[in-house]
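The structure appears right after this line, and notes come after that.
Protein chains: 2
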Amino acid sequence: LCQPDMLNVHLVPHTHDDVGWLKTVDQYFYGDRNDIQHAGVQYILDSVVDQLLKNPDRRFIYVETAFFYRWWRQQSSSMQQTVKQLVNEGRLEFVNGGWCMSDEATTHYSAVIDQMTMGLRFLNETFGPCGRPRVAWHIDPFGHAREHASMFAQMGYDGFFFGRLDYQDRARRMMYREQELLWRASDSLTPPMADLFTGILPNGYNPPEGFCWDQSCDDAPIRDDPDLEDYNVDDVVKRFLAIAEGQVRNTYTNHIIMTMGSDFQYENANLWYKNLDKLIHYVNAQQANGIKVNVLYSTPSCYLQELHRTNLTWALKNDDFFPYADDAHDFWTGYFTSRPALKRYERISNSNLQVMCNQLEVLGGPVSRRGPFGVGDSKTMKEAMAVAQHHDAVSGTEKQHVANDYARRLANGWQHCQVLVSNSLAGLSGSTAERIYCDNLNISVCPLTESSKKFSVNVYNPLARPVTWPVRLPVNGTAYVVSDANGKSVDSQVSFCVSRGFAVNELVFQVQAPPLGYTTYSVSLLQNGPPPASTQHHTPTAIKNKVLNHMTFDPDTGLLSSLSNLETKQTIKLTQNFYWYNASDGNNVESIQPSGAYIFRPNSSTPFVISKTAKTESIQTPAVQEVRQWFSPWVSQVVRLYADSRALELEWTVGPVPIDDDLGKEVITRLDTSIQTAQYFYTDSNGREVLQRKTDFRPTWNLKQSEPIAGNYYPINSRAFIKDDDDQLTVVTDRSQGGGSINNGSLEIMLHRRLLYDDVRGVAEPLNETSGIFPKGLVVRGRLLLSLDRPASAADAHRPLAQEVVLQPLLTFTGGDLHPNTRLEFSGLQAALPPAVHLLTLSQWDKDSVLLRLEHQFQSWESKVNSQPVTVNLQKLFTTLDVLGVSELNLSANQWKDEMKRFSWTPESGTAHLHLSVPSLQHIRT
Amino acid sequence: LCQPDMLNVHLVPHTHDDVGWLKTVDQYFYGDRNDIQHAGVQYILDSVVDQLLKNPDRRFIYVETAFFYRWWRQQSSSMQQTVKQLVNEGRLEFVNGGWCMSDEATTHYSAVIDQMTMGLRFLNETFGPCGRPRVAWHIDPFGHAREHASMFAQMGYDGFFFGRLDYQDRARRMMYREQELLWRASDSLTPPMADLFTGILPNGYNPPEGFCWDQSCDDAPIRDDPDLEDYNVDDVVKRFLAIAEGQVRNTYTNHIIMTMGSDFQYENANLWYKNLDKLIHYVNAQQANGIKVNVLYSTPSCYLQELHRTNLTWALKNDDFFPYADDAHDFWTGYFTSRPALKRYERISNSNLQVMCNQLEVLGGPVSRRGPFGVGDSKTMKEAMAVAQHHDAVSGTEKQHVANDYARRLANGWQHCQVLVSNSLAGLSGSTAERIYCDNLNISVCPLTESSKKFSVNVYNPLARPVTWPVRLPVNGTAYVVSDANGKSVDSQVSFCVSRGFAVNELVFQVQAPPLGYTTYSVSLLQNGPPPASTQHHTPTAIKNKVLNHMTFDPDTGLLSSLSNLETKQTIKLTQNFYWYNASDGNNVESIQPSGAYIFRPNSSTPFVISKTAKTESIQTPAVQEVRQWFSPWVSQVVRLYADSRALELEWTVGPVPIDDDLGKEVITRLDTSIQTAQYFYTDSNGREVLQRKTDFRPTWNLKQSEPIAGNYYPINSRAFIKDDDDQLTVVTDRSQGGGSINNGSLEIMLHRRLLYDDVRGVAEPLNETSGIFPKGLVVRGRLLLSLDRPASAADAHRPLAQEVVLQPLLTFTGGDLHPNTRLEFSGLQAALPPAVHLLTLSQWDKDSVLLRLEHQFQSWESKVNSQPVTVNLQKLFTTLDVLGVSELNLSANQWKDEMKRFSWTPESGTAHLHLSVPSLQHIRT
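Protein chains in written order, with UniProt numbering: chain A, 1 to 926; chain B, 1 to 926.
Dropping the structure here:
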């Protein structure tokens, strides 16, 4: 219990269990491959429960539901009862409680909400209200996103604790006692809707020095038997009081918190608890000597409650905690881009999860789960995606074999979802014809389209608006007839294609699909042979489409030279090229830090250009205009403009990055424009709200910049833009990447990294990706979508554009003719939703209910039209679902909205701090 | 439960807890200094008890009472009740049960019996008969002494298991299925009195490969959740059955044993048991498929019982298991000598324990423990001695800081005993005058004798016979009057002395003390100044005394040249000199094994002579004749013959061994004689029975010798001899040393070792002893006593001679005049015991009883006179103790002799083996 007139030291026993990192999630669970890292979560939970039972004062918090769920299923019902009792008594407390502790820089909000929902739902259903975490707990992620704080607030958390922040920021906050603060995490939501009390933990998430009693530590145990050698109680008490005294100097109340645990600790919880019992006993025994220090077993929520009781005011913060540096040359900005292929696979898997599993399971009804194509489930995919949100998963900071495991799990999830989709579409279309999935269209492989004279394509659109979408299919014919659902012929084009399969040509046509529904196109071979010679091998000077865009190329270099929006009559100068930074190898006077999976550290601020000129050729067809650029054997690009598109597509291909010269390379593309940026640029937070950035500047402290490139990189989850009064150039990405604006008018995005050294943050591997099909190094392909607009209306373009990249149409194929009774078109919505409203989630919740999330996707300031409030009539929303009732939940769906009561916190007014007098420790005799 | 028609696999969960090695015993207990080695016995016992309670099938054995006792005292009474229950139900079983698992090569039987008695007594008093170990368990000691086996038999053990034996011996025993055998451990005791069933464990004491589930191991856990990745039950079962099949090929019954544990394992017992539970479950589940394998939790006593039930006959063995080699160039014969100063300190501490604590506590009565000089106790010394018997203690194979800890504990024990002695002697003498202890007489330091004009010396003799003993005291006077208890003047001599203190002279006189009693000499200064010039600086040619000995020196070399026994009219040629072997540094084609704390490996079989000649001077006095020899700045010797002595004393001083040449050195002295040894020589086993040795030969297998020196070294605990039909030269040592007889007529003894490399057996330090007072390297001094006799009667001389070295008189001092009423002489015995009978133990057992051990100290064959049976009348033994009753106990005093019922085992007759048909494993499908 806390003592009001004493310094209360809250000891928080905890373990930090990575959902994959050096080992796979299941290896961690079982304690397999302990040769890589000693860690076995099954034993941690076994041991902690045993030890909690030995002393009712003891407390433990558990965080990662991915592990807890695995363990729970293996327990006997009597053990489950025991654990429920511990939870009910507050001795075992869940904090955070998502499936994993997600990464904050490279995750998309949609997937984060899903993984949190899954973890919290398990806790809710298993333990009821006592199992609901009150506190968010991101002790390890390498920088903190404002959107995460906003989500946590909307999920009902009373507070948030984390461990890592910029070392300069921490120093300032320690000095001003601002390690506990109020984070206002949205500029659009009305306070306190997105306000989140935030505490920065004093030792990262480790115990204070000398007080680590895990089996993985070497600190001296408390030796309190006077008959044995080395009695050390007096020494331990003295050291502990000195640490408490040091800590209280940087805090604001008479409560301090100490995290007693670390990575995969408590596998043998007896070591910790036996010594903590003694510590508490012997320190509190000093109260009899007038020492006003009270040590207690505690939890973050207990600590938070005590802070809340103080009724103090707290420093307010509006920006975020990126980038994270733990020393002058140690910026954790490399992982924004690390493992670009995995990052893309994760993003497209999220699209697949929403489309294939969630939406089509709902729209298809029960037959989706058990139908003509067998038993499908969404659980496998949901778990794989939830696991992939972990801060060493999509972040790219895991070992190679673990990255492979994440990808394998996602692929396995796809398989399970495809059964659902086949069942669902069979129900909706009335056709049980076999449905073919072409998962390898990204490398132009699809056996069906390559070999069939006739097939149909079902295009399912997951957005709540109709979309137009270019379909590109590998084929071997020269000409095809493509017809839409009404039998009307559609423009199509066949061009030469470099495939990894057997296709020699590529068939391209635009499809239009209804909101939350599908349409069907049929394709018939007209003529075999090579494609017509539509390719122009001379250097192109410009491409354009009829509606909006126009861009020119420099005839000398083959590079882009300008971009125009014909509608708004804007034109900017725009040069785009590819460069690489030479990754530091650590042999450096200033610092021995090399670039690695986490850390970006170029050894010079000037990147090397890959080629000053590009070889080009262009293809001009009614459907699409392309300029193909070759910069080197390992860098090429297709600049592409579809007939109806508002955006210019840059499809880049990078790799294998050469390392014959023994130099690690970090490959960027840079857009140099005539826009007057004055050091400002803008990046999104987790794909949602956009934050302003400024080169060599941090909003909350006086930055001493020590890495002019890496220290100016920020995560780009879905978009970045630069602007001045007249022009805004927005780049929408297809995955998370890092980038910055180093020079006026410039925006650079890091695309790929191949490194030769480990960066000494634990992963113990250089980020040097090769694989069976890429033995000489990974080749990565991706797309950047460029949109030039007036700043005031740019969001009206980039918001829907980015959603189309995040949730892309699903193509499924059927060979031959369809049965005449097949329903070729379907929409789940009665009408398209207004442009401001995004249908974020439509997912089966239980047998009789679905989870629906509708989102206002515009920030309050970004669009005159679309930032306004919108009303949606749920009764008239769906075509096939009868709305029998609606109950509003919090964002994570683990609490009724009207029952969500959070602590209220008062931000300080002005700059003066109303500091509580610091509890006196003068009585401590040491 | 065992299945008669199946192969029964006995899994024995165990931990091997060194009572000091890389860490001190208390560091191991608490888990302190885990940076050196992760090990914490307190947690092991916590954890094992918890886990035993979870499943009644589980078993555990515990071995080292030094640790169990520490743990037990810290437990609550309810935990003690729980543990008692586990012991009563056989779930926790004690094996071995001594205070430690003693070393077998360098320990003296007297100290081994004491440490076993102390451990077993604790178990007996705490747990009763269920706590009595049935099995001796020496899984780690580096070679096995026959005397240990004899003691274990006499302590009532039903069997004995160990892990280490010569690799050639193991190979042969595996082939002939003789890893289980009957050891006839005495050539004097009537079988089966010293017969001991002995089992050699199949994997040392480790689990089979791939089946180590401790936190310290990396083997794959059993992953039996089909919903997670990497399900491996089929693989585990298959691998386990293959191992069992391999093991049964080398055994004799349908039972095999697997040690499931290792050094300091089971700190987190859940890991082991959780996986063992699964292993047993899944393997036994294969019985349903016809696999006739039954896996069970077991203990060594359970396994032994099953072997006993087979009623088979077993191979008989009469020799011992020395030396131990684990590969061709890896003979563990260095530790016979390692840390010679510690070995001597341990030996003299044993003498002090017997004299100061045990005997004088009994003779002085209750006043000893609480008397005029305060509270004394014998417990501290007993525990320190018991701990020092550990196989990494007196063996010299511990880290330096641990060696220091052992020595410090012994020194602390001395302090506690000295209070007992002061109280006891005050009671016996009637004088409470302060009693001064001069613990540093070995370096000629004693402030009292150096500075006093008058003092008295109390000489206590612990033997049951009167002794004559030379007393050497550091003084600063030139002449003294020495008087005995009757006031009669005694011959004394003052000579020049090199002291580490302030003394310039040394006073020497012979004392005679009564059996088990004391006498008192008074010493008064006659004259100050330097000593008379009795020293002859010319080269001596011979020294002799009036009774027995005569030895000559070579005038050219200064070395000994002959030795005679005037009484028996024997003379042999005898040259003695000092040499060093160059320790292998591991840079060798044949093997990379260096010499180290354990291993002796000279890089050449020819030792380097330290000097072919010695500088000499001699001192001839009525009391003593000396020749002082200087061989080099770091090797010198005093050849000394006291007036009444039957033995020639060689007092050697070696050190600091120079290492400026970067060569490790193993220093020996070698006696080259005219005795025709024909490869035979003789060494004692733990200071008791003597075994015959033969160069390049082992009695039980056809030795392939690969190390001509190290492979012929044997432990010498108290004596070694060489002989032919006429002459026997016996060397009595003052500590354990290694030695051998490489050439005809030769006997060498290793005195000191200074090495520059670790020998890769875990200690991870080179054996390179330095200390505060010896910063340039340890200087060691010791004595060899040479006795030349006829073989038939040699034991009549060396048995009492060796006992006088083992139990030496205790000198205590009183300054000034004694009170006239002081009792100057006392004997605890009514009469001296017969020469064959040694009073081994006289020790207070509890308030009303004492423990007495009388020992026949002659082997059956070694003396016509003294090997005969002897009768002692206990009623007429003591002068001060009334014998109210006598109850005979086993050797370890934990069982009444008449209740001691051991398993009987039948040795095989002849050489033919009656092998049981091997249980069929053909049904195992793998």
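We put the beta carbon where it would ideally sit given N, CA and C, even for glycine. Given the structure is predicted, the values throughout are model-derived calculations rather than measurements.
**Request:** Pair every Cβ in the segment 769-784 of chain A with every Cβ in the segment 415-434 of chain A, then say whether three or more of these pairs are closer than 8 Å.
**Result:** no
**Request:** Please check the pair A/Val482 and A/Phe509, which I expect to be a contact at CB under 8 Å, by giving their CB distance rounded to whole angstroms.
**Result:** 5 Å
**Cβ shell of B/Asn55 (< 8 Å), same chain only, five flanking positions each side left out** = Tyr273 and Asp277
**Request:** Determine whether the Cβ of B/Thr15 lies closer than 8 Å to any Cβ atom of chain A.
**Result:** no
**Item:** Cβ-based contacts, 9 Å cut-off: residues of the segment 27-48 of chain A near chain B
**Value:** Gln27, Phe29, Tyr30, Gly31, Asp32, Arg33, Asn34, Asp35, Ile36, His38, Gly40, Gln42, Tyr43, Asp46 and Ser47
**Request:** Give a yes or no on whether the minimum CB-CB distance between B/Pro820 and chain A is below 8 Å.
**Result:** Chain A, which has no Cβ nearer than 8 Å to the Cβ of B/Pro820, makes this no.
**Request:** Sort out for me which residues DSSP pairs B/Pro622 with in a bridge.
**Result:** BP columns for B/Pro622 are empty, so no partner.
**Asked** Using a beta-carbon distance below 8 Å, is A/Asp225 in contact with chain B?
**Response** Yes - at least one Cβ of chain B is within 8 Å of the one on A/Asp225.
**Prompt:** Applying a beta-carbon distance threshold of less than 7 Å, which residues of chain A neighbour B/Gln857?
**Reply:** What B/Gln857 touches in chain A: nothing, since even the nearest Cβ is about 37 Å away.
**Asked** Can you name the residues of chain A whose CB is closer than 8 Å to the CB of B/Glu398?
**Response** What B/Glu398 touches in chain A: nothing, since even the nearest Cβ is about 15 Å away.
**Asked** Is it the case that the Cβ atoms of A/Trp183 and A/Leu271 are separated by a distance below 8 Å?
**Response** 8 Å or more divides the Cβ of A/Trp183 from the Cβ of A/Leu271.
**Prompt:** Can we say the segment 641-654 of chain B touches the segment 516-529 of chain B, given the rule of at least three CB pairs closer than 8 Å?
**Reply:** no
**Item:** Residues that DSSP places opposite A/Trp652 in a beta bridge
**Value:** A/Gln637 and A/Gly782
**Asked** Taking all protein chains shown into account, do 16 or more other C-beta atoms lie within 10 angstroms of the C-beta of B/Val375, making it buried, or fewer, making it exposed?
**Response** Counting the other CB atoms within 10 Å of its CB gives B/Val375 a total below 16, which places it among the exposed residues.
**Given A/Thr880 as reference, the closest of A/Tyr43, A/Asn821, A/Ser827 and A/Lys864 once Cα atoms are compared** = A/Ser827
**Prompt:** Would you say B/Trp137 and B/Met118 are within 8 Å of each other, going by their C-beta atoms?
**Reply:** no
**Asked** Does the distance from the CB of A/Val95 to the CB of A/Ser298 come in under 8 Å?
**Response** no
**Asked** What residues are listed by DSSP as bridge partners for B/Ala315?
**Response** B/Leu181
**Request:** Within 10 angstroms of the Cβ of B/Ile773, are there 16 or more other Cβ atoms? Answer buried if so, exposed if not.
**Result:** exposed
**Message:** When you compare the CB of B/Thr24 with every CB in chain A, is at least one pair closer than 8 Å?
**Reply:** Yes, B/Thr24 lies at the interface with chain A (some Cβ there is under 8 Å from its Cβ).
**Request:** Please determine, among A/Asn768, A/Lys612 and A/Ser706, the residue with the shortest C-alpha to C-alpha distance to A/Asp660.
**Result:** The residue from A/Asn768, A/Lys612 and A/Ser706 with its alpha-carbon nearest to that of A/Asp660 is A/Asn768.
**Three-state class that DSSP yields for A/Pro594 in the structure shown** = strand
**Message:** At the 8 Å Cβ level, is B/Glu229 part of the contact set with chain A, yes or no?
**Reply:** yes
**Item:** Paired residues, beta bridge with A/Leu559 - DSSP
**Value:** Partner(s): none; A/Leu559 has no beta bridge.
**Request:** Write down the C-beta distance between A/Ser177 and A/Asn250 rounded to the nearest angstrom, noting that I regard them as a contact closer than 8 Å.
**Result:** It is worth fixing the name first, because residue 177 of chain A is Arg in this sequence and not Ser. Right, their Cβ atoms sit about 6 Å apart.
**Message:** Here's a check: name, in chain order, each residue in its chain whose Cβ is nearer than 6 Å to the Cβ of A/Ala384, leaving out the five neighbours to either side.
**Reply:** Arg409, Leu410 and Gly413
**Message:** Would you say A/Glu383 lies against chain B (beta-carbon separation less than 8 Å)?
**Reply:** In terms of beta-carbon proximity, A/Glu383 stays away from the interface with chain B, with every pair separated by 8 Å or more.
**Request:** Decide yes or no for the touch test of the segment 603-622 of chain A against the segment 328-347 of chain A: beta carbon pairs closer than 8 Å, at least 3 of them.
**Result:** Flag = no, the segment 603-622 of chain A and the segment 328-347 of chain A do not touch.
**Asked** Hey, which unbroken runs of the alpha helix (DSSP H) at 4 residues or more fall wholly within the segment 371-440 of chain A?
**Response** 379-388 and 400-429
**Cα-Cα separation, A/Pro907 to A/Met193** = 14 Å
**Item:** Where B/Ser887 sits in the DSSP three-state scheme
**Value:** Of the three classes helix, strand and coil, the one that applies to B/Ser887 here is coil, per DSSP.
**Item:** Beta-carbon proximity of A/Gly31 to A/Ala393, cut-off 8 Å
**Value:** no
**Prompt:** In chain B, which residues lie less than 7 Å from A/Asn894 when you measure between Cβ atoms?
**Reply:** Result: empty, since nearest Cβ-Cβ is about 24 Å, beyond 7 Å.
**Item:** Min CB distance A/Asn352 to chain B below 8 Å
**Value:** no
**Request:** Output the boundary residues of the alpha helix (DSSP H) element that contains B/Gln85.
**Result:** Ser77 to Asn88
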